[in-house]
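As structure tokens, the structure follows; a few thoughts come after it.
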Amino acid sequence: MNITVAGTGYVGLVTGVCLAEVGHQVTCVDQVKEKIVLLNLGISPIYEPELDTLIEKNASAGKLTFTTDHEQAYAHSDVIFIGVGTPENEDGSANLNYVFQVAKQIAESVTHDCLIVIKSTVPIGTNDRVETYIKNHLKHKVTVEVASNPEFLAQGSAIKDTLHASRIVIGVESEQAKEILTAIYEPFQQPILTMNRRSAEMVKYASNDFLALKISFINDIANLCEAVGANIEDVTSGMSYDERIGKKFLNPGIGYGGSCFPKDTKALHWLAEEEGYILRTVKAAIEVNEKQKFKLISKARNEFSSFNGLKVAVLGLTFKPGTDDLREAPSIPNVRLLLNEGARVHVYDPVGEENFKKHFSTEVVYEKTAEQALEEADLCFIFTEWEEIKAIDLSFFNKMKVPFVFDGRNCFSLEEVRKAKINYFSIGRPEIR
Ligand code: UGA
Numbered sequence: 010m011n012i013t014v015a016g017t018g019y020v021g022l023v024t025g026v027c028l029a030e031v032g033h034q035v036t037c038v039d040q041v042k043e044k045i046v047l048l049n050l051g052i053s054p055i056y057e058p059e060l061d062t063l064i065e066k067n068a069s070a071g072k073l074t075f076t077t078d079h080e081q082a083y084a085h086s087d088v089i090f091i092g093v094g095t096p097e098n099e100d101g102s103a104n105l106n107y108v109f110q111v112a113k114q115i116a117e118s119v120t121h122d123c124l125i126v127i128k129s130t131v132p133i134g135t136n137d138r139v140e141t142y143i144k145n146h147l148k149h150k151v152t153v154e155v156a157s158n159p160e161f162l163a164q165g166s167a168i169k170d171t172l173h174a175s176r177i178v179i180g181v182e183s184e185q186a187k188e189i190l191t192a193i194y195e196p197f198q199q200p201i202l203t204m205n206r207r208s209a210e211m212v213k214y215a216s217n218d219f220l221a222l223k224i225s226f227i228n229d230i231a232n233l234c235e236a237v238g239a240n241i242e243d244v245t246s247g248m249s250y251d252e253r254i255g256k257k258f259l260n261p262g263i264g265y266g267g268s269c270f271p272k273d274t275k276a277l278h279w280l281a282e283e284e285g286y287i288l289r290t291v292k293a294a295i296e297v298n299e300k301q302k303f304k305l306i307s308k309a310r311n312e313f314s315s316f317n318g319l320k321v322a323v324l325g326l327t328f329k330p331g332t333d334d335l336r337e338a339p340s341i342p343n344v345r346l347l348l349n350e351g352a353r354v355h356v357y358d359p360v361g362e363e364n365f366k367k368h369f370s371t372e373v374v375y376e377k378t379a380e381q382a383l384e385e386a387d388l389c390f391i392f393t394e395w396e397e398i399k400a401i402d403l404s405f406f407n408k409m410k411v412p413f414v415f416d417g418r419n420c421f422s423l424e425e426v427r428k429a430k431i432n433y434f435s436i437g438r439p440e441i442r
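Numbering (this note's numbering), first residue to last: 10 to 442.
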């Protein structure tokens with residue numbers, strides 16, 4: 010089977026590489042020349058553990074190729090995966106321009122029967138619409154069918170999540186499509202769940218929105234813990250022994266970011282409203298998250314009457330550790346606010362500097378180490394729990410004028426902090442002075 014994957018972003022590229030890794034013949038297509046040039050040199054355009062190695066390995070084995078020539082690639086495909094972005098429109102709905110752009114190219118290029126598989130996160134009903142669109146625009150007399158196959162990988166563990174996925178969800182309307190996809194995924198040896206296309210599309214949104222809800226819920230409880238003198242760490246530990254609740258995704262913080270949860274919560278809420286239904290739980294998750302982003306700033310305001318002229322050290326910029334991605338990272342609105350209020354901001358992140366420069370060039374000072382950022386600082390904000398940041402020797406904070414540390418990811422144990430004699434404010438735990 011000849012497989013083509015449209016899009017070399019997180020979803021497209023990881024899908025293509027993993028399909029090649031299990032033995033399929035894969036061509037990855039992208040319209041951005043620079044990306045294809047890099048990929049042909051064996052270099053991944055995104056930072057993701059193991060990705061470079063697998064690109065190199067499968068490209069040299071002749072199982073993986075990269076091209077901008079979509080016409081050629083689609084013409085000879087048996088199966089085409091669509092893994093392009095579905096960003097957020099201003100009103101919160103999903104923007105499907107890239108999906109339909111690829112659909113148009115496919116309709117104009119396919120020369121024999123093929124199955125088109127949508128991996129991108131798309132609103133319920135999109136698979137139906139794409140199928141109708143392609144059928145109406147076909148140049149050649151061929152049979153096409155569209156299937157849904159949502160992706161559940163997380164950035165930073167994308168390869169592992171794909172090669173050892175918890176499940177593979179297939180949304181199909183025919184036995185033939187089911188057989189093709191089952192054969193493609195057979196080497197992965199994971200549970201395959203087959204359902205109709207609309208249910209598969211919904212599984213993706215419902216999963217992401219549930220996880221977002223879990224985070225907003227625990228942030229809400231953490232805020233209440235602060236008010237009533239409880240410690241969120243003990244509370245989540247006590248909750249997590251109930252298997253129905255579990256241990257994961259109960260870490261409080263300054264809200265969820267990234268390219269998925271913010272957009273997928275808004276898109277499903279928007280879609281529900283279009284159907285005349287208010288998705289109250291998801292709406293609440295979105296509202297809590299918006300407010301939680303500025304939780305550290307409001308704590309700092311209780312200690313400092315103004316940020317004007319103060320040196321602020323910011324440790325961690327990316328939306329989570331293990332990625333250089335800054336999409337919807339809480340660091341961005343927080344740094345903007347600090348700058349607007351006259352603070353002198355010195356930032357440090359192990360890998361996020363280049364992407365942060367796209368938002369702030371000369372307005373902030375980029376430091377090479379956390380220690381340098383802390384030198385003579387008036388206050389410190391921690392936005393991302395990088396291992397390197399969690400491993401900081403707490404005595405480093407004594408490099409600050411008077412150590413005032415606002416930790417948005419609960420990086421340090423309160424016991425250690427007490428010994429280090431710093432003023433420390435975290436999420437859902439008692440303040441240390
Ligand atoms: C998320 C999902 O975890 C994946 O299953 C899904 O496939 C993916 O979106 C997607 O739709 O493509 P990702 O955005 O890479 O993956 O990152 P997560 O690890 O889920 O983290 C998202 C945000 O939630 C981060 O800002 C993180 O700091 C925050 N978070 C996570 C918390 O605040 N607390 C937690 O306990 C867990």
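All C-beta atoms in this analysis are idealised placements derived from N, C-alpha and C, irrespective of residue type, glycine included.
Please read all numbers here as calculations on a predicted model, not as lab measurements.
- Thr327 and Thr152 have their C-alpha atoms spaced approximately 44 Å apart.
- Distances taken from the Cβ of Gly16 to the heavy atoms of the ligand UGA include none shorter than 6 Å.
- Just so you know, the alpha carbons of Tyr357 and Leu348 end up roughly 16 Å apart.
- Within the segment 122 to 153, the runs of alpha helix (DSSP H) at least 4 residues long that lie entirely inside it are, in chain order, 135 to 146.
- Comparing C-alpha distances from Asn228 to each of Met204, Leu105, Val26 and Thr245 shows the shortest one belongs to Thr245.
- Taking 6 Å as the cut-off, one finds no heavy atom of the ligand UGA near enough to the beta carbon of Asn364.
- Every alpha helix (DSSP H) of 4 residues or more that sits fully in the segment 163 to 236 is shown, in chain order, as 167 to 172 and 184 to 194.
- By a beta-carbon distance limit of 8 Å, Asp122 does not contact Met10. Their separation comes to about 12 Å.
- For Asp416, the enclosing beta strand (DSSP E) stretches over residues Phe413 to Asp416.
- Apart from the 5 residues on each side of it in sequence, Lys320 sits with its Cβ closer than 7 Å to the Cβ of Arg353, His355, Glu385, Ala386 and Asp387 in its chain, given in chain order.
- By the neighbour-count definition (other C-beta atoms within 10 Å, threshold 16), Asp243 is an exposed residue.
- In terms of Cβ geometry, Val297 and Asp218 do not form a close pair [threshold 7 Å].
- Under the three-state reduction of DSSP output, Ser268 falls in the coil class, being neither helix nor strand.
- Contact between the segment 162 to 177 and the segment 126 to 144 is absent: fewer than 3 CB-CB pairs across the two stretches fall below 8 Å.
- The alpha helix (DSSP H) runs of length 4 or more contained entirely in the segment 314 to 369 are, from start to end of the chain, 340 to 349 and 362 to 366.
- Inter-segment contact for the segment 76 to 86 and the segment 99 to 108 is absent: fewer than three beta-carbon pairs are separated by less than 8 Å.
- Ranked by how close their Cα comes to the Cα of Ala293, the residues Glu59, Ile241, Ile193 and Leu277 have Leu277 in first place.
- Checking the 6 Å criterion, the Cβ of Gly262 is within range of a heavy atom belonging to the ligand UGA.
- The continuous alpha helix (DSSP H) containing Thr245 extends over residues Ile241 to Ser249.
- Judged by the Cβ position, Asn343 fails to qualify as a neighbour of the ligand UGA at the 6 Å threshold, every heavy atom of the ligand being at least this far.
- Ranked by how close their Cα comes to the Cα of Leu172, the residues Pro200, Lys187 and Glu182 have Pro200 in first place.
- Judged by beta-carbon spacing, Ala116 lies beyond the 7 Å limit of Glu154, meaning their Cβ atoms are not closer than that value.
- The segment 62 to 77 and the segment 18 to 33 touch, with no fewer than 3 CB-CB distances between them shorter than 8 Å.
- Ranking Ser422, Ile89, Gly101 and Lys257 by CA distance to the CA of Glu282 puts Gly101 first.
- Distances from the CA of Ser340 to each of Phe390, Asn317, Phe316 and Lys300 were compared; the closest alpha carbon is that of Phe390.
- The DSSP-derived three-state label of Gln40 is coil.
- Taking Ile431 as the centre and dropping the five residues before and after it, the same chain places the C-beta of Phe406, Pro412 and Val414 closer than 6 Å to its C-beta, in chain order.
- Taking Ile143 as reference, the option from Asn158, Pro132 and Ile127 with the minimal CA-CA separation is Ile127.
- Ile89: member of the beta strand (DSSP E) spanning Val88 to Ile91, first to last residue.
- Set against 6 Å, the gap from the CB of Tyr265 to the closest heavy atom of the ligand UGA is smaller.
- In the DSSP assignment, Leu388 falls within the beta strand (DSSP E) that extends over Leu388 to Ile391.
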